[in-house]
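S.K.: The letter at position 110 of the sequence shown is residue 109 when you use numbering that gives the first Met the number 0, and the numbering goes up by one with no holes.
Even glycine gets a Cβ: it sits at the ideal position worked out from N, Cα and C.
Questions regarding the structure given below will be posed in turn.
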Amino acid sequence: MPQFSYRARDAQGGLVEGVLDCADRAVAIRQIESQHCVPIRIEMVDGAKATEKKSGAPPPRKKLRLLSSPEPATPGQNLKIPHGQLLIFTEQLAHLLQAGMTLDEALSVLEKRLKQPRVQQMTHSLHQSLIDGQSFSQALSKLPRIFQPLYVNLVAAGEASGALPQILLRLVKHLMQAKDLRDR
0 MPQFSYRARD AQGGLVEGVL DCADRAVAIR QIESQHCVPI RIEMVDGAKA TEKKSGAPPP
60 RKKLRLLSSP EPATPGQNLK IPHGQLLIFT EQLAHLLQAG MTLDEALSVL EKRLKQPRVQ
120 QMTHSLHQSL IDGQSFSQAL SKLPRIFQPL YVNLVAAGEA SGALPQILLR LVKHLMQAKD
180 LRDR
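Right, dumping it as structure tokens:
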């Protein structure tokens, strides 16, 4: 049976890592969610990678991350994007998560799909923070000019409850209502 290594956040926000034996990726996601965790990354491992995980040696990708500059998100702190772009980002992220993607995969897809440079920079910053082991709400809080405290706190609640896609859809409704009020 295939093995899947995973990284997830538990209800308290702690990082959980492990290896599961599951028939496919969708079963692995359901099994992680049944433990009240939010999957961040799930990858199929072959025998060599599984041995590497059990031995405790970090995978090569992590070594590359450690050698990179430790401050990729710092320039993004002053980043600001238009309200409409935040609405699009939030809606697309919610739909990707509802489709069964992990947060890591969804941010990677959005980073490639969204064409506006500031939105790409924001998405890259969020994705990098997630890879570095921060929760999604922690990553959002590092961009205070984009994400209001209400947004960050609702995402934190969604992470803790395992209902992040539903929370993001509620945020989309809230952002649409705010846009309608501004347009009046």
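Could you tell me which whole beta strand (DSSP E) segments of length 3 or greater appear in the stretch 74–121?
M.R.: none
S.K.: Any idea if L92 is buried or exposed, counting beta-carbon neighbours within 10 angstroms, 16 or more meaning buried?
M.R.: Its Cβ being crowded by 16 or more others within 10 Å, L92 is buried.
S.K.: Helix, strand or coil: which one does DSSP assign to D20?
M.R.: strand
S.K.: Assuming M27 and C36 are in contact, meaning their beta carbons sit under 8 Å apart, how far apart are those beta carbons, in whole angstroms?
M.R.: For clarity, residue 27 is Ala in the given sequence; the question names Met instead. For A27 against C36, the beta-carbon gap comes to about 12 Å, at or over 8 Å, which does not count as contact.
S.K.: Quick one: measure Cβ to Cβ for R8 and I31, integer angstroms, because I've assumed they're closer than 8 Å.
M.R.: Actually they are not in contact, since the Cβ atoms of R8 and I31 sit about 10 Å apart, beyond 8 Å.
S.K.: Out of curiosity, what's the CA-to-CA distance linking V18 and Q115?
M.R.: Taking the straight line from one Cα to the other gives about 37 Å.
S.K.: Expressed to the nearest angstrom, what Euclidean distance is found between the alpha-carbon atoms of E158 and G12?
M.R.: So the alpha carbons of these two residues sit roughly 8 Å apart.
S.K.: Assuming the contact rule is C-beta atoms closer than 8 Å, I87 and M121 should be a hit. Round their C-beta distance to whole Å, please.
M.R.: Between M121 and I87 the Cβ distance is about 12 Å, and since that is not below 8 Å, they are no contact.
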